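Some notes on the structure that comes next.
2 protein chains.
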Amino acid sequence: MQRTGQPTINDVARIAGVSKKTVSRVINRSPLLGDDTRRRVEEVIGDLGYIPNPQARALALRRNFLIGLVHDNPNAQTVMNVQQGMLEALHDTEFEMVVRPVDRGSATMLDDLRRFLERQRLYGVLLMPPVSENDMVAKLCRAIGCRYVRMGSAALDDSPHMVASNDREAVRGATEYLLAQGHKRIGLIGGPHGFRSARERRAGFEEALSQAGVSLPRSLIADGNYTFESGLVAAERLLDLVPRPTAVFSCNDEMAAGVMHAAQMRGLSVPRDLSIIGFDDTPIAAHIWPPLTTVRWPIASMARSAALKLIANGEEDDEVEEPSLFLSTLIRRGSVASPAID
Amino acid sequence: MQRTGQPTINDVARIAGVSKKTVSRVINRSPLLGDDTRRRVEEVIGDLGYIPNPQARALALRRNFLIGLVHDNPNAQTVMNVQQGMLEALHDTEFEMVVRPVDRGSATMLDDLRRFLERQRLYGVLLMPPVSENDMVAKLCRAIGCRYVRMGSAALDDSPHMVASNDREAVRGATEYLLAQGHKRIGLIGGPHGFRSARERRAGFEEALSQAGVSLPRSLIADGNYTFESGLVAAERLLDLVPRPTAVFSCNDEMAAGVMHAAQMRGLSVPRDLSIIGFDDTPIAAHIWPPLTTVRWPIASMARSAALKLIANGEEDDEVEEPSLFLSTLIRRGSVASPAID
DNA sequence: TTGTACGCGTTATCAT
DNA sequence: ATGATAACGCGTACAA
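First to last, the sequence lines map onto chains A and B.
Oh and the first sequence: position 235 is 235 in full-length UniProt numbering, straight run, nothing missing.
Oh and the second sequence: position 75 is 75 in full-length UniProt numbering, straight run, nothing missing.
So, in structure tokens, the structure goes:
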């Protein structure tokens with residue numbers, strides 16, 4: 001034992017009567033090793049409670065056992081779901097999660113990120129939307145040799161570097177559900193420009209309407225930025241329209257909650273006077289009144305899968321490869337009904 | 001330059017014509033250093049864009065430049081607020097944040113935590129409630145020489161290791177506000193057993209009532225566990241009471257949202273038929289309808305202060321010491337009114 | 001199959 | 001005030 005209190009590889013080697021390198025081989029599961037030697041070393045490791053020092057490994061390997069979560073996502077619940085999924089994948093491994101928010105918008109974002117990655121020598125990074133949609137970021141990771149996996153609402157990269165959801169189809173389905181209920185005047189509250197998810201969801205909405213031959217006047221489309229407040233403002237404009245839309249599809253739950261808030265403020269009853277569908281299925285969807293019908297976005301599972309991709313051995317032994325596409329599904333709750341007769 | 005592409009301390013030393021140690025002294029702001037030498041080295045550092053390698057420093061110092069966030073908090077928004085506050089404090093420093101959820105309940109929690117801290121050699125940890133209330137955890141940190149700061153709803157430790165809020169007084173004030181509106185039958189939805197915050201908030205509630213000479217029958221106290229669902233269930237029991245309480249204080253916002261949900265489900269109007277006050281001021285408070293009157297808990301500021309305490313130089317130069325007590329204040333919104341005449 | 005010698009990039013000790 | 005030399009704990013050529 002050294003003065004730090006913790007046993008080192010030298011202690012193990014000395015006590016087991018072998019060289020450091022042999023211990024190192026045991027740790028790293030080198031195939032060329034005598035069975036008896038391996039057993040003897042493993043026994044000493046167990047007795048001593050020896051754990052390889054991550055700092056020394058990081059220095060020697062020129063690579064840290066840290067997985068970065070890079071995000072600029074405004075939604076707290078979404079970020080937490082991603083963290084939970086990541087940590088699930090990292091549990092009982094030697095990896096830890098370090099969180100790095102970035103400022104999309106900032107001109108120095110790429111430089112900041114580069115410095116971060118080069119300094120910390122991360123094992124890999126998980127890129128959350130919307131920063132994951134920036135090809136320059138992926139390019140940067142490749143350039144400096146940092147593994148990465150992108151999460152997003154469409155396949156933006158090849159399978160080892162991507163975990164995607166099918167937002168477009170999911171929204172098309174949700175919109176078809178609204179149409180099936182008899183709605184014809186359906187408003188859309190879109191996500192912020194530059195978000196791929198916003199584009200995909202809007203596209204799914206428009207596809208469903210056009211396929212059903214339902215017209216979509218420009219006035220029924222309102223801009224939002226995924227915040228509650230933007231949903232509120234957008235809804236106020238939509239609800240002033242004459243005739244009023246009978247339903248609204250909101251590109252996420254936060255904004256949908258804003259729509260509901262706006263409706264209640266003016267004494268409208270949901271779903272009798274207005275049907276609403278959201279997207280994400282964050283807790284707020286089930287907690288507001290009436291409970292929100294929404295599209296469930298399996299973001300935690302996606303994050304878990306992304307983290308597993310990151311730390312997966314390139315040797316893909318008996319391991320099953322992690323999926324790259326996750327399906328979103330409609331959760332029917334209490335915010336949709338047939339429109340009142342005109 | 002080495003093959004890794006990044007300049008090392010050796011490059012700086014060679015080019016500046018000094019020894020490694022001198023460069024090290026410049027980096028670590030050693031006071032005993034010639035001004036001209038320092039300037040020369042700093043110039044070379046600037047030219048090369050040299051950045052000290054954190055892995056090597058961690059090995060040599062036997063201490064990582066990582067701050068851990070240890071938590072077992074069920075509320076996503078609260079955790080995110082803490083992370084945001086921490087990251088604010090860590091921004092533009094050499095520190096990174098690694099997140100470590102733990103399982104209170106688990107018998108091996110302390111051992112797991114010990115292994116984590118010893119392995120990663122964290123610079124320090126920020127302990128979030130409720131795990132921060134566990135004295136064994138603080139004891140563990142002291143034992144293995146890991147700096148720590150605890151966050152909580154009461155002063156559980158000395159100032160350098162604690163950032164607290166005044167939950168008890170804040171709730172007393174909120175309850176007095178309810179009393180001032182004319183409420184006499186006020187229900188309480190408590191937090192989970194073992195949460196110090198739950199104890200403090202309940203104590204504040206009871207103090208206000210007893211000070212005003214208002215009775216608090218046992219039936220008006222319902223148990224909750226800080227989740228929406230528990231608030232819903234608790235409210236259902238409270239609202240079945242005859243006579244019905246005219247107001248409810250809920251020990252957090254999530255449960256208050258559950259109360260509101262329950263009220264709406266049975267056609268009760270808030271605040272006409274029922275006044276509600278929550279605690280935390282998470283976004284959900286402003287987003288539900290009607291907007292929730294609640295006590296604002298400055299958790300992000302607390303976390304920021306805690307992180308600054310953690311990385312503060314023991315030398316407390318000209319730096320102002322970080323505060324250890326943060327005040328919660330009542331935010332009046334739309335969920336409180338005078339009770340209808342009986 | 002196993003061991004020796006050295007490198008990773010920094011800080012610490014003890015000289016001068 | 002500055003420098004030579006040895007840690008820190010582990011991985012890797014290369015040799016045996």
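From the three backbone atoms N, C-alpha and C, an ideal C-beta is built for every residue, glycine too.
As the structure is a computational prediction, the values presented were derived from the model and not from experiment.
Per DSSP, the beta-bridge partners of residue 223 (chain B) are B:190. One finds 55 in chain B with Cβ atoms closer than 8 Å to the Cβ of residue 64 (chain A), taken in chain order. Within chain A, not a single residue places a beta-carbon under 7 Å from that of residue 311 (chain B); the smallest gap is close to 16 Å. In the DSSP assignment, residue 68 (chain B) is bridged to B:98 and B:125. Listed as beta-bridge partners of residue 277 (chain A) by DSSP are A:249 and A:293. In this chain, the alpha helix (DSSP H) harbouring residue 237 (chain A) covers 228-240.
Here the C-alpha atom of residue 206 (chain A) lies approximately 28 Å from the C-alpha atom of residue 104 (chain A).
Taking a Cβ-Cβ threshold of 8 Å, none of the residues of chain A is close to residue 156 (chain B); the smallest such distance is about 26 Å. Contact of residue 288 (chain A) with chain B by beta-carbon distance below 7 Å involves 288. Listed along the chain, the chain A residues whose CB falls inside 7 Å of the CB of residue 261 (chain B) are 287 and 289. Residues of the stretch 84-106 of chain A with a C-beta less than 7 Å from any C-beta of chain B: 87, 96, 97, 98, 99 and 101, listed in chain order. Excluding five sequence positions before and after residue 331 (chain A), the CB atoms of its chain that fall closer than 6 Å to its own CB belong to 281, 294 and 296, given in chain order. Taking 8 Å as the threshold, the shortest C-beta distance from residue 186 (chain A) to chain B does not fall below it. By DSSP's assignment, residue 165 (chain B) forms a beta bridge with B:326.
Just so you know, the alpha carbons of residue 323 (chain B) and residue 269 (chain B) end up roughly 42 Å apart. The three-state reading of DSSP puts residue 147 (chain A) in strand, counting E and B together. Residue contact check for residue 59 (chain B) against chain A: a CB pair falls below 8 Å. In the three-state scheme derived from DSSP, where H, G and I count as helix and E and B as strand, residue 152 (chain A) is classed as strand. Only those residues of the stretch 107-130 of chain A whose C-beta falls short of 9 Å from the nearest C-beta of chain B are listed: 115, 116, 118, 119, 120 and 121. Residue pairing of residue 331 (chain A) in beta bridges, as defined by DSSP: A:294. Taking the Cα positions, residue 88 (chain B) is about 16 Å away from residue 124 (chain B). Spatial neighbours of residue 278 (chain B) in its own chain (CB-CB distance under 7 Å, excluding positions within 5 residues in sequence) are listed in chain order as 250, 252, 253, 256, 285, 292 and 294. In the structure shown, residue 321 (chain B) adopts coil according to DSSP, grouped into three states.
Residue 192 (chain A) and residue 264 (chain A) have their C-alpha atoms spaced approximately 25 Å apart. Closer than 8 Å to the CB of residue 228 (chain B) there is at least one CB belonging to chain A. C-alpha of residue 238 (chain A) to C-alpha of residue 231 (chain A): approximately 10 Å in a straight line. Within chain A, the residues 76, 79 and 80 have their CB atoms less than 7 Å from the CB of residue 80 (chain B), given in chain order. Under a criterion of Cβ atoms nearer than 7 Å, the residues of chain A adjacent to residue 257 (chain B) are, in order, 287. Counting only Cβ-Cβ distances below 8 Å, residue 283 (chain B) has contacts in chain A at 76 and 228, in chain order.
Rounded to the nearest whole angstrom, the C-alpha separation of residue 96 (chain A) and residue 99 (chain B) is 8 Å.
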